[in-house]
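With UniProt numbering, the residue at position 99 of the sequence shown is 99, and numbering never jumps.
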Amino acid sequence: MSLFKRIVNKIMNQPEEEQPDVTKLADQLRDADLDYKFAQLFTHSGGFFNYCADESEALQTLNQIIKIEHISDVFCYDPDLKNFLDVIKTPYSEQLTENNDAAFITCEYLIAFDGRIMLSHNNILHYHSSRLPSKIIIMANVSQIASNLNEAMMKVKRAGNLKNLTSISGSQSKLDTPNKDNTKLFLLLLED
Numbered sequence: 001m002s003l004f005k006r007i008v009n010k011i012m013n014q015p016e017e018e019q020p021d022v023t024k025l026a027d028q029l030r031d032a033d034l035d036y037k038f039a040q041l042f043t044h045s046g047g048f049f050n051y052c053a054d055e056s057e058a059l060q061t062l063n064q065i066i067k068i069e070h071i072s073d074v075f076c077y078d079p080d081l082k083n084f085l086d087v088i089k090t091p092y093s094e095q096l097t098e099n100n101d102a103a104f105i106t107c108e109y110l111i112a113f114d115g116r117i118m119l120s121h122n123n124i125l126h127y128h129s130s131r132l133p134s135k136i137i138i139m140a141n142v143s144q145i146a147s148n149l150n151e152a153m154m155k156v157k158r159a160g161n162l163k164n165l166t167s168i169s170g171s172q173s174k175l176d177t178p179n180k181d182n183t184k185l186f187l188l189l190l191e192d
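Next comes the structure, spelled out in structure tokens:
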């Protein structure tokens, strides 16, 4: 088991009462590696962090999430992600509907400063993030971690043509108003 994976497992098993305030935690992690800092702050905000060494492990983790969460209809329009759902035989729709009990999407960047996830039109089409189902599964790569919002915005500006920018965080986040109190945010983080 890699050092990063052991650290993530330690984070995931940390009792809630021992978790410090997010601003104190961010300050404590000021000099930490970006991936470690993001994982800590993302899980602190209520997100479910899943490190995946490769696509095979990501597929297994996705399948487990879908079974455990009793997901039956997924909003997913990304062609690569639809392939994952086809393999595990999970129904999906390319447009967001009332019947969707989960969304399986990509993201633009993972913000290490506060554990948020930046989304755009590329990830959620024209829908507002508040309209997404209560279970959101995001697939991202380690290279998408940005140190802060300014760095992510500079990268977005360089890429051009991105619209409908927003960010989401776990249901326990105190930094902003979370999507919904019962939102479950799962991240499948893949090595590049």
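Even for Gly, the Cβ is constructed at its ideal location relative to N, Cα and C.
Can you tell which of the options has its C-alpha closest to the C-alpha of residue i?
| i | options | result |
| --- | --- | --- |
| residue 133 | 83, 53, 101 and 34 | 101 |
| residue 36 | 138, 147 and 119 | 147 |
| residue 46 | 53, 52, 70 and 184 | 184 |
| residue 111 | 39, 192 and 74 | 39 |
| residue 77 | 117, 68, 157 and 91 | 91 |
| residue 85 | 109, 121, 182 and 139 | 139 |
| residue 145 | 137, 109 and 118 | 109 |
| residue 67 | 135, 120 and 182 | 135 |
| residue 71 | 137, 158 and 113 | 137 |
| residue 89 | 99, 34, 73 and 32 | 73 |
| residue 96 | 65, 117 and 131 | 131 |
| residue 187 | 24, 33 and 51 | 51 |
| residue 75 | 94, 65 and 87 | 94 |
| residue 191 | 143, 119, 172 and 87 | 143 |
| residue 24 | 113, 141, 118 and 149 | 113 |
| residue 160 | 182, 189, 21 and 120 | 120 |
Residue i and residue j look like a contact to me (Cβ under 8 Å); what is the Cβ gap, rounded to whole Å?
| i | j | result |
| --- | --- | --- |
| residue 42 | residue 115 | 4 Å |
| residue 122 | residue 162 | 7 Å |
For residue i, write down the residues that DSSP places opposite it in a beta bridge.
| i | result |
| --- | --- |
| residue 75 | 93 and 103 |
| residue 187 | 49 and 138 |
Between residue i and chain B, is the shortest Cβ-Cβ distance under 8 Å, so that the two count as touching?
| i | result |
| --- | --- |
| residue 89 | No chain B appears in this structure, which consists of one protein chain only. |
(message) Three Cβ pairs or more, each shorter than 8 Å: is that satisfied between the stretch 57 to 70 and the stretch 115 to 134?
(response) no
(message) To test your reading of the DSSP string, which unbroken beta strand (DSSP E) runs of 3 or more residues are found completely within the UniProt domain "LUD" (97 to 170)?
(response) 102 to 105, 109 to 111, 116 to 119, 135 to 141 and 166 to 168
(message) Using 8 Å as the cut-off, can you tell me whether the stretch 151 to 159 makes contact with the stretch 91 to 107, which would need three or more C-beta pairs spanning the two stretches below that distance?
(response) no
(message) Across the stretch 23 to 33 and the stretch 160 to 168, are there enough close Cβ pairs to call them in contact, namely three or more that are closer than 8 Å?
(response) no
(request) May I have a chain-ordered list of the beta strand (DSSP E) segments no shorter than 3 residues that lie completely inside the stretch 39 to 65? (result) 48 to 52
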